[in-house]
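Enquirer:
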Amino acid sequence: LIQYHVEGLVAAGLTQIIVVVRAGSEVVQRHFAPAPDLERHLEAAGKTELLEEVRRISRLADIVFVRQPETLPYGNASPALAARPWLTPGEPFYYMFGDDIIIADVPVPQQMLEAFERYRPAAVLATQRVSDEETHLYGCIELKPGTDNVMKRIIEKPAPGTAPSNWIQIGHFIFTPELFDVLHGSELGKGGELWMADAVDRLAARSTVIVQPIEGLWMAAGDPLRQLKANIEMALRRDDMRDGLIEYLRSLDL
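So, in structure tokens, the structure goes:
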């Protein structure tokens, strides 16, 4: 899944990438690192296609792995603070949650960058529309009066029938450095966690935050079952896997 994110960023022209990890995530780093021993083995075995794929992955982008300090609170905004020392001063940056997958014909970072270039706001927030019956499951976006794409606030899991809109927050953002004026690490929210939604709320109260509808299939992959579903969806879109996977699924006695 991380590779899918990286390839989407690279397709949009973003090749300097910071991946924030916790202790025990060394396997992710090894996945993107050069593997000379493996390359020699594949070359000697004549496995040219696999060899080229291994080399391609290691050359995808300039990737820096940053371990999140244990002093930072738990929450989906803490990786931004962990990555801050490695960001280019004064420049905007793309931020995403590793477990929010969007399968799209046009890479999501490209869709987001087009909105940022058009409006030059303090932030761009990715969104998709859900049914009325689903709004209570997500953070729903309230727009500023008289606008169709400027965020006022996010209402987290509103009671059924009370959502301000059918637009929900998903984990892709573009921020200017102004984010760090409202995100310091001490602003804990629900569950004692540091939430990016809370930081975006504070940012929207002082600056312009643009809401960008995203075209594509959004899948939250925050648990093993949903990760499996996301992997199946991506495999079905690969020419080298689709037919074999379909044949296998049809063979199951379900």
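Numbered per the numbering used here, the sequence shown spans residues 369 to 622.
Just so it is clear, CB atoms sit at the ideal spot from N, CA and C, and this is done for glycine as well.
Keep in mind the model is a prediction, meaning the values are calculated, not measured.
#1: Could you compute how far the alpha carbon of Glu407 sits from the alpha carbon of Glu417?
#2: For Leu369, which option in Arg497, Phe465, Asp473 and Ile614 has the closest C-alpha, if you only look at C-alpha atoms?
#3: Taking Cβ positions only, does Leu382 come closer than 8 Å to chain D?
#4: So, are the CB atoms of Leu493 and Val577 less than 8 Å apart?
#5: If the criterion is Cβ atoms closer than 8 Å, does the pair Phe461 and Phe543 meet it?
#6: Tell me the residue span of the alpha helix (DSSP H) that contains Phe548.
#7: Can you look up Val474 in the DSSP assignment and give me helix, strand or coil?
#8: Write down every uninterrupted run of the beta strand (DSSP E) in the stretch 494-566 whose length is 3 residues or greater and which is fully enclosed by it, in chain order.
#9: Suppose contacts are defined by Cβ-Cβ distances below 8 Å. Is Gly443 in contact with Glu561 by that definition?
#10: When the Cα of His373 is compared with those of Asp516, Pro475 and Pro437, which residue comes out closest?
#11: Within the continuous beta strand (DSSP E) that includes Leu620, where are the two ends?
#12: Measure the beta-carbon distance from Leu511 to Val579 and round it to whole angstroms, keeping in mind my assumption that it falls under 8 Å.
#13: What's the C-alpha gap between Arg486 and Arg610?
#14: Name the residue from Asp621, Leu622 and Glu601 whose alpha carbon lies nearest to the alpha carbon of Leu613.
#15: Taking Cβ positions, are Thr495 and Ile538 nearer each other than 8 Å?
#16: Figure out for me which residue from Ala598, Arg488, Arg605 and Val422 has the closest Cα to the Cα of Asp467.
#17: Determine whether the beta carbon atoms of Ala380 and Pro489 lie at a separation below 8 Å.
Expert: According to the data block:
#1: Straight-line Cα distance between these residues: approximately 11 Å.
#2: Phe465
#3: In summary, chain D is missing from the structure at hand, where a single protein chain is found.
#4: yes
#5: yes
#6: Per DSSP, Phe548 belongs to the alpha helix (DSSP H) from Leu547 to Val550.
#7: coil
#8: 507-511, 519-524 and 535-543
#9: yes
#10: Pro475
#11: Careful: Leu620 lies outside any beta strand (DSSP E) and carries neither H nor E.
#12: 7 Å
#13: 37 Å
#14: Glu601
#15: yes
#16: Ala598
#17: no
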